[in-house]
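Number of protein chains: 2
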Amino acid sequence: MDENQDILVTRLGALAQQTRLSVFRSLMSAGPQGISAGKIARDLGVAPNTLSAHLNVLSRSGLVTQRRDGRSIIYSVVLSAVTEMVDGLVNDCCGGHPEACAPLSGVSSQACAG
Amino acid sequence: MDENQDILVTRLGALAQQTRLSVFRSLMSAGPQGISAGKIARDLGVAPNTLSAHLNVLSRSGLVTQRRDGRSIIYSVVLSAVTEMVDGLVNDCCGGHPEACAPLSGVSSQACAG
DNA sequence: ACAACTGTTCAACAGTTCTTGAAATTAGGA
DNA sequence: TCCTAATTTCAAGAACTGTTGAACAGTTGT
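So the protein sequences, as listed, match chains A and B. For the first sequence, numbering that gives the first Met the number 0 assigns the number 0 to the initial residue and increments by one for each residue that follows. For the second sequence, numbering that gives the first Met the number 0 assigns the number 0 to the initial residue and increments by one for each residue that follows.
Dropping the structure here:
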């Protein structure tokens, strides 16, 4: 039962770092087509090996996936994992006392409907 | 420097730990009336001083606030900070390429409407 | 085969986080 | 006032994180 919470903690932790959050943002706005590791490194001004370590954390969290294209490795977001994470956070709120979460109803009309 | 991103990283980090995420969940379902530090410690089976350190992290992140009631200190969630955090995460997605985020539209109809 | 290009892995180090026992702080009751 | 209850603060240690230079690995073009 608490395996879900483990996964949520891992994903929150993956995003709880400046460089990785920036990577995530870039990948989010790039959409399914993704971005190569090298381009991310250049865009963000991060050393390739440092970035590689961060990409590894994001990958292991399940928020990001990778594929090879020639010499490049293209990273992209796993949208289902993102929704899972956001739902996990928001349901914390609405599961208990929905009336206490009225201010959140605009953020998650689905989870808070009721 | 992006101060909003700093705050988001801090808040994600505050929740990226088992005990603190459990505390957050408890406080979320307790709503505005909150829970005393002692009761949280008993409910979760955490040493009082350990819990105090975690509550301090949550407080400094702005996700949680405290007030004294007799000898007890009552902690409760700051809902506006929670919405801010969720919005910050979701907007990452919808701000860039909204069409890429169709799968998320159920989660945040507000941010993704467009 | 070779060299150039793109990324990853490794070992090591500084810095941070989590937990704990002991001491300190604040409030209520006899 | 003295005693007890509820929490926090402090110092120390083990465990984990982020970064770096150097070495390694896969791909392309010549």
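Every residue gets a Cβ at the ideal spot worked out from N, C-alpha and C, and that includes glycine.
{"query": "Span of the beta strand (DSSP E) around D68 (chain A)", "result": "V63 to D68"}
{"query": "Under 9 Å from the C-beta of V77 (chain A): neighbouring residues of chain B", "result": "Result: empty, since nearest Cβ-Cβ is about 10 Å, beyond 9 Å."}
{"query": "Segment contact, 8 Å Cβ cut-off, at least three pairs: the region 46-54 of chain B with the region 36-50 of chain A", "result": "no"}
{"query": "Opening and closing residue of the beta strand (DSSP E) in which V76 (chain A) lies", "result": "S71 to V76"}
{"query": "Pair within 9 Å by beta-carbon distance, Q16 (chain A) and V8 (chain B)", "result": "yes"}
{"query": "Identified DSSP bridge partners for Y39 (chain A)", "result": "The amino acid at residue 39 (chain A) is misidentified as Tyr; the sequence shows Ile. DSSP lists no partner for I39 (chain A)."}
{"query": "Nearest to N55 (chain A) (by Cα), restricted to the options A:Y74, A:G69, A:K38 and A:R67", "result": "A:Y74"}
{"query": "Under 9 Å between C-beta atoms of A11 (chain B) and L57 (chain A)", "result": "The sequence shown places Leu at residue 11 (chain B), not Ala. Cβ atoms of L11 (chain B) and L57 (chain A): not closer than 9 Å."}
{"query": "Among A:R59, A:I72 and A:A13, the one whose alpha carbon lies nearest that of G37 (chain A)", "result": "A:I72"}
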